[in-house]
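Asks: Okay, handing you the structure first.
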Amino acid sequence: SSGIYAEYGTLKTACDRHDESYYPKFKKWCDDYFHIKHRGESRGLGGIFFDDMDYIPAEEALAFVQSCGDAVIPCYMPLVSKHKGQEYSESEEQWRLLRRGRYVEFNLVYDRGTKFGLYTENARIESILMSLPLTARWEYMNQPGEREEELLEVLRNPVEWATT
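Numbering (this note's numbering), first residue to last: 268 to 431.
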């Protein structure tokens with residue numbers, strides 16, 4: 268999708284403004300971190316991921332984070348506008364719920380922030396679980412359709428979306 272290329276191109280540009288090593292490093296970090304090992308697929312299409320940027324001055328880290336945030340909205344909103352009125356079939360809705368299930372799996376099994384929260388003494392478990400989608404679905408031996416199989420191919424084999 269051209270929207271995907273635009274989004275990741277703007278993320279790469281935002282990273283490159285600060286340090287040309289950031290985009291490849293943070294894209295790989297994203298691909299590795301959000302990999303659902305027991306499924307052999309990623310939680311989503313990719314992007315960048317970083318934390319603990321205590322190796323640069325706080326002002327530089329803040330400027331970098333703001334730059335990344337500013338880069339997403341201009342390319343994300345056209346995608347939302349393009350699809351906001353689009354109708355979906357029942358099978359597409361079921362697929363969306365399965366993908367939400369993958370999000371739940373990742374968060375409960377792998378996400379270090381969620382796991383930290385769950386294992387903290389006197390944790391507010393409800394607060395942690397409220398971050399999960401209200402509806403999700405699991406299906407044993409799901410047979411995806413052609414469009415869904417195309418997405419799975421990308422989720423199993425991370426793509427370099429940035430073209431700039």
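Heads up, the beta-carbon is just placed ideally off N, CA and C, and yes, glycines get one too.
Looking only at DSSP bridge pairs, what is H350 linked to?
Replies: Per DSSP, none; premise fails for H350.
Asks: So the alpha helix (DSSP H) R310 belongs to, where does it begin and stop?
Replies: Neither: R310 is in no alpha helix (DSSP H) and is coded neither H nor E.
Asks: For I395, name the three-state secondary structure that DSSP assigns.
Replies: helix
Asks: With 16 other CB atoms within 10 Å as the buried threshold, where does A429 fall?
Replies: buried
Asks: Considering only the alpha carbon of each residue, which of L365, S309 and R391 lies closest to Y407?
Replies: Of the listed residues, the one whose Cα sits closest to Y407 is L365.
Asks: Which same chain residues, not among the five before or five after F317, have their C-beta less than 7 Å away from its C-beta?
Replies: F293 and W296
Asks: Would you mind sorting F383 into buried or exposed? The rule is 16 or more other CB atoms within 10 Å of its CB.
Replies: Taking a 10 Å sphere around the C-beta of F383, we find fewer than 16 other C-beta atoms and assign the residue as exposed.
Asks: Distance check for E415 and W459, CA to CA, integer angstroms please.
Replies: Any question about residue 459 goes unanswered here, given that the chain covers just 268 to 431.
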